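Here it is in structure tokens:
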């Protein structure tokens, strides 16, 4: 048990090591926006990592670009539009609500509603059934 | 009574139906390559750039310098293995006079020159994008990539990976010859 805990600790420590070693941005707001973007933007080369975790050369370039934009006062929307124009919806881990992402957003909810409806229907039917006499 | 039972039986088939639909979507997605990201650039004007020329660092190569289109922009680098695969084919295109322009992406200057000396230069002009800034504007996420731009400066297609005869004949050639597919 203790061994397992040690292994877990090492794993957590390893993932917590930040790839981005740049100095923090001027203001706290800029820095937090920059950090937020790094978490939400996909590294296009290593597609299952975000920019905060990836050390791919392209991720480095994109971090530099995002940094520059945030420094120049770009808003979250500006930066996301910048990425959408160049890399498409795929670049954002949290895709915007658009016709082609609609299913992604409402799909799970629709499925849950359908399932709940089906369960309710079955239960209602069951309750209307006469209880069979036990001999 | 038996009618109601029947209806409930039908309802029990619903999960199976849902499962079948899901299996269908998963099966379709299995055949898809998730590393091929569609370019949002398609159908929009080619992004502006103004970069030094590889073979003449004092000169700049800008989007406006491209002679009357349609034309192709090939993103390459000396470190890129896929570029080696397609190079022979690009050389053939160059010899045939294809309007092929190069974007040397995130490469070392001398490495790029050495590559051309060793393997030949199929490009009319090569722009140097050493820091990858123009690459981001073009949505490049890996070399090689080849863009097809029409006479009006609109991006028609982006091919990811080594260009070969099949893709070229199907997509690029009809446009370059002036017959829109």
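Residue numbers (this note's numbering), protein chains in the order written: chain H, 115 to 249; chain D, 42 to 222.
Backbone N, C-alpha and C define an ideal beta-carbon position, used for all residues, glycine too.
Since the structure is predicted, the reported quantities are computational estimates derived from the model, not experimental observations.
For residue 97 (chain D), which of D:150, D:159, D:90 has the nearest alpha-carbon?
D:150
Return the residues of the stretch 164-182 of chain H that lie within a Cβ-Cβ distance of less than 7 Å from chain D, sorted by chain order.
171, 172, 175, 176, 179
Kindly indicate which three-state DSSP category residue 117 (chain D) falls into: helix, strand or coil?
In the three-state reduction of the DSSP assignment, residue 117 (chain D) falls in the strand class.
Going along the chain, which residues of its own chain have a beta-carbon closer than 7 Å to the beta-carbon of residue 42 (chain D), five neighbours each way excluded?
At residue 42 (chain D) the pLDDT is 49, less than 50, meaning the model places this residue with poor confidence; the figure from the coordinates comes in the next sentence. Excluding residues within five positions, none has a Cβ falling inside 7 Å.
Which term fits residue 216 (chain D), buried or exposed, when burial requires 16 or more other beta carbons within 10 angstroms of its beta carbon?
buried
Alpha carbon to alpha carbon, how far is residue 148 (chain D) from residue 200 (chain D)? Give it in angstroms, no decimals.
20 Å
Since residue 189 (chain D) and residue 182 (chain D) are thought to touch, with beta carbons under 8 Å apart, how far apart are those beta carbons, to the nearest angstrom?
Not a contact, Cβ separation roughly 18 Å.
Tell me the residue span of the alpha helix (DSSP H) that contains residue 199 (chain D).
Unbroken run through residue 199 (chain D) is the beta strand (DSSP E), 196-201; no alpha helix (DSSP H).
Short of 8 Å in beta carbon distance, which residues of its chain neighbour residue 178 (chain D), apart from the five on each side in sequence? Order them along the chain.
In the same chain as residue 178 (chain D), and ignoring 5 residues on each side of it, the C-beta atoms closer than 8 Å to its own belong to 88, 89, 90, in chain order.
Is there contact here, the stretch 125-139 of chain D with the stretch 156-176 of chain D, by at least three beta-carbon pairs under 8 Å?
yes
Mind checking which residues open and close the beta strand (DSSP E) that includes residue 91 (chain D)?
91-93
Keeping to the same chain, check which residues put their C-beta closer than 8 Å to that of residue 84 (chain H); ignore five residues upstream and five downstream.
Outside the displayed range of chain H (115 to 249) lies residue 84 (chain H), so it cannot be described from this structure.
To be precise: take each residue of the stretch 195-220 of chain H, compare its Cβ to all Cβ atoms of chain D, and keep it if any distance is under 7 Å. Which residues remain?
198, 199, 200, 201, 202, 204
Leaving aside the five residues before and after residue 157 (chain H) along the sequence, list all residues of the same chain whose C-beta is less than 8 Å from its C-beta, in chain order.
163, 164, 165, 167, 168, 170, 172, 173, 176
Element boundaries [beta strand (DSSP E), containing residue 233 (chain D)]:
Nothing about residue 233 (chain D) can be read from this structure; chain D reaches only from 42 to 222.
Would you say residue 235 (chain H) faces chain D, with C-beta separation under 9 Å as the test?
yes
Which of helix, strand or coil does DSSP assign to residue 191 (chain D)?
coil
Per DSSP, which one or two residues make a beta bridge with residue 112 (chain D)?
D:190
Measuring CB to CB, does residue 188 (chain H) end up less than 9 Å from residue 197 (chain H)?
It is not a contact, given that the beta carbons lie outside the stated cut-off.
Got a sec, what are the start and stop residues for the alpha helix (DSSP H) residue 58 (chain D) sits in?
55-71
Contact set for residue 77 (chain D): own chain, Cβ-Cβ below 6 Å, skip 5 residues either direction:
201
Among D:57, D:103, D:66, D:94, which one has its Cα closest to the Cα of residue 194 (chain D)?
D:103
Against residue 159 (chain H), what residues of chain D qualify as contacts under a CB-to-CB distance less than 8 Å, listed in chain order?
182, 183
Between H:155, H:216, H:160, which lies nearest to residue 180 (chain H) when the distance is taken from Cα to Cα?
H:155
Residue 229 (chain H): first and last residue of the uninterrupted alpha helix (DSSP H) it sits in
216-242
If you measure beta-carbon to beta-carbon, which residues of the stretch 195-214 of chain D are closer than 7 Å to chain H?
none
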